[in-house]
Structure formats: structure tokens, C-alpha cells
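J.: What follows is a single structure, and I will ask about it in a moment.
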Amino acid sequence: FPKISVPRFDKAGTPDFPLPDPDHGVPQRLPQAILNEDPYPIKAMIAYRFEPLGSIPDTNLVKKALAKLDLVVAIDINYSDIAWHADVVLPESTYLERTDCVQQANGLKPQIFLRRQAVEPRYDTRDGALILKQIGERLGIGKYFPYNSMEELVAWQLEGTGFKLEDFDAKGFVAYGKDQIFWDRKEGIKLKTPSKKIEFKSSLLEDAGYPSFPAYEPVRRPAGSEFRLVTGRIALHTHVSTQNNPYLNEIVSENVLWINSARAAELGIANGNVVSIESKSGSGKIKAFVTELIHPETVFLLHGFGHEAKFATRSYNRGVSDSVLQENISDEVGGSPGLHETFVTVKAA
């Protein structure tokens with residue numbers, strides 16, 4: 158590809174926002190970039206294995222931004238919420254139905270591995286790289302996708318490595334060498350810092366105008382009947398993508414709201430009651446889990462539930478999406494989303 162000269166929408170790695178890692182980006186800034194047309198007007202979005210409605214705080218703000226776009230395309234294996242809201246859905250084959258690009262696993266014995274197609278697709282779906290190639294051809298930039306199959310793409314990736322496609326037949330992965338690779342103790346361990354050493358005083362922060370040891374600032378405590386909203390994950394589900402899976406949904410089908418026993422009693426809430434929860438960003442209804450194992454100023458719920466896609470029949474409208482409730486707050490130094498900075502009220506429904 159030619160070098161991209163236009164600025165990134167999230168400004169990560171630029172003088173305006175120098176410290177966030179551009180490889181990861183700051184995706185929660187997407188709705189503001191669309192609505193404010195900063196740094197430029199955005200007219201279309203292709204969401205490839207990305208669920209902005211469930212992973213960016215303040216879902217209502219995201220919906221407002223999506224409504225401003227001329228075109229929304231979703232490439233996904235699930236009927237996700239973004240697919241439900243998209244103008245066009247391009248279904249990708251599932252992991253058993255497709256061949257993926259070669260990937261690398263770092264460690265003492267670095268390896269490259271390849272996931273290959275095991276069965277034919279059941280429906281009219283395609284590998285993601287082939288979908289992107291065909292989009293590129295329709296946009297007149299097909300020359301940047303010089304492959305006609307996943308095998309050709311993988312062969313191109315392997316050029317210069319000394320490995321061939323058939324080398325993955327036995328185990329699915331190959332190692333770069335027989336022996337483990339250790340640091341050269343004579344040269345010393347070099348870390349990924351400007352000084353190559355442990356930095357108690359961060360040159361990255363200092364050079365960007367931020368103190369390495371900022372003064373303590375007390376956080377705001379919930380006022381009156383408020384609670385601080387805390388969210389988390391569960392090992393049985395992957396982000397927002399597996400809640401409609403029949404086997405996983407059978408085990409954990411919806412999230413519940415953890416609330417302290419004493420506070421619940423004050424509000425007239427019993428275990429299993431449906432409660433209303435509301436923030437500045439949104440609201441919803443969810444079952445209460447009354448317990449003494451949570452701080453009285455805090456409520457907790459699992460991430461990834463409360464789906465809006467009606468075709469996802471098992472996960473549709475089950476529980477509440479934390480993204481609906483969360484305010485879109487970012488760490489203005491490192492770029493991380495402030496996922497635990499939202500205050501909510503809870504009452505019996």
C-alpha cells in the first residue's frame with residue numbers, strides 16, 4: 158500500500174495524542190470523530206469483526222454517529238448488533254470453514270502457525286481476506302490485493318521464511334529454530350523503553366509534558382442514592398460475540414446486577430427482582446443479585462449482554478449492555494477508556 162498521508166481519526170501517535178499506541182488505537186473516540194467531523198468528515202465505515210455498539214461506551218452516542226454515515230458495512234460471522242444496524246452485511250466463514258493468514262507466536266521458541274479450512278462453508282460465506290480483496294477490486298485498488306485464494310496469500314506471507322504451506326500439515330505450526338532463544342547476558346537485557354532500561358521516571362511521559370509521578374487526586378464518591386458502575390468479563394464468553402452460542406448461552410444466558418445486601422434492603426430490592434438501572438448515557442432493566450460480597454457504593458454487571466439484534470434469538474434483550482450505561486470517558490494521557498467512571502441509580506422496577 159502507498160503511505161497513508163491523511164491523519165488517523167483517533168489521532169493516536171500524533172502530536173495531539175502522542176502516547177497511545179497506534180497499533181491498538183483509541184476506538185472509543187470514533188463517535189466524536191464522526192459527529193464533530195474532526196479531523197475530517199467520515200462518510201462510511203466497514204466494521205470487520207468489530208462491534209462498536211457493544212464495545213464503545215455510550216451506545217446511544219454511537220448510534221447517533223452511525224446515523225450520520227452514508228454507509229455502514231458489517232463483516233462478521235455472527236448476527237451482531239452492528240450487523241443489525243448495518244446497510245450491508247458481508248458474512249464471513251466461521252473458523253472451521255476458512256483458512257486464516259499466517260500468524261506469529263513469540264516466546265523462547267518463536268513459531269508461526271496457520272489455521273486451515275477443515276470443512277466447506279454451509280452457506281454463501283467467504284474468507285475475510287477474500288471479502289476485502291473483492292471490495293478493493295470494486296473500489297479500483299485491486300492491485301494491492303495480488304492474490305486469488307487464501308493459499309496464494311499464505312504463500313506470499315511465507316516468502317523469505319524458508320517455510321512452505323505443506324510444512325504446516327503435521328502440526329499446524331513451525332518453529333524458527335530447534336533451540337530456545339535467550340537474552341545475551343553479556344549485552345544485557347534491553348527493554349522497550351527509550352533508554353532500554355527500567356524507567357522509574359518515564360522519558361515518554363516527561364517528554365510529552367506529563368509528570369512521571371502525578372499528585373494524588375481523590376476520586377469522586379457516589380452522591381446520595383448513586384452507585385459506581387463496575388463491569389467485568391467471564392471466562393465462558395468472548396467479549397460481545399458468543400452470547401448467542403447455544404452451548405455457552407445455556408450456561409450463562411444473561412447478566413445480573415450485583416448489589417450490596419444492605420443497600421438493596423434500603424431500596425426494597427430482593428434477590429432475583431427485576432430492577433431499573435439508569436445513568437446519564439442510558440438505562441435498562443436487569444435482574445438483581447443481592448450479595449454481601451460487593452462494596453455498598455458499587456454495583457457490578459458482566460460485559461457483553463443485552464443484545465439488540467432480533468435474529469440473535471438466544472441473546473436478544475437478555476440483560477443489560479454495560480456500554481448503554483457507560484459514559485464515553487477516555488484517559489487523556491494513555492488513551493484507555495474509563496470503564497469504571499460512570500455513576501448509576503438503581504430502583505425496583
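Sequential numbering from 158 applies to the sequence shown in the numbering used here.
Note that CB positions come from ideal geometry on N, CA and C, so glycine has one too.
Please read these numbers as outputs of a predicted model, since none were measured by experiment.
1) By how many angstroms is the C-alpha of Ile203 removed from the C-alpha of Tyr373?
2) Leaving out five residues before and five after Pro403 in sequence, what residues of the same chain have Cβ atoms less than 8 Å from its Cβ?
3) Helix or strand or just coil, what does DSSP make of His460?
4) When DSSP builds the beta bridges, which residues end up paired with Ala332?
5) Along the beta strand (DSSP E) that carries Asp233, what are the first and last residues, could you check?
6) What residues match up with Thr388 in a beta bridge as DSSP calls it?
7) Start and end of the alpha helix (DSSP H) containing Tyr404?
8) DSSP three-state call for Ser237: helix, strand or coil?
9) Gly461 and Ala169 - do their beta-carbons sit closer together than 8 Å?
10) On a CA-only basis, which of Ala469, Ile292, Thr388 is nearest Ser410? Give me that one, please.
11) For His181, count neighbouring C-beta atoms within 10 Å of its own C-beta (all shown protein chains included) and say buried if the count is 16 or more, exposed if not.
12) For the pair the stretch 238-246 and the stretch 269-288, tell me if three or more CB-CB distances fall below 8 Å.
13) Could you give the DSSP three-state label for Pro175: helix, strand or coil?
14) Alpha carbon to alpha carbon, how far is Leu226 from Gln291? Give it in angstroms, no decimals.
15) Check whether the stretch 480-488 touches the stretch 215-229, counting contact only when three or more Cβ pairs, one atom from each stretch, lie closer than 8 Å.
16) Hey, quick one: how far does the alpha helix (DSSP H) through Trp313 stretch, first residue to last?
17) Pick helix, strand or coil for Ser487, following the three-state DSSP scheme.
18) With a CB to CB cut of under 8 Å and the five nearest residues on each side skipped, what residues in its chain are close to Pro175?
19) Can you pull the DSSP bridge partners for Gly293?
20) Could you spell out where the beta strand (DSSP E) holding Asn430 opens and where it closes?
T.: This is what the structure gives:
1) 41 Å
2) Arg471
3) coil
4) Gln268
5) 228-233
6) Leu458
7) 403-408
8) coil
9) no
10) Ala469
11) exposed
12) no
13) coil
14) 22 Å
15) yes
16) 307-315
17) strand
18) Ala365
19) Partner(s): none; Gly293 has no beta bridge.
20) Asn430 -> no beta strand (DSSP E), and no H or E assigned at all.
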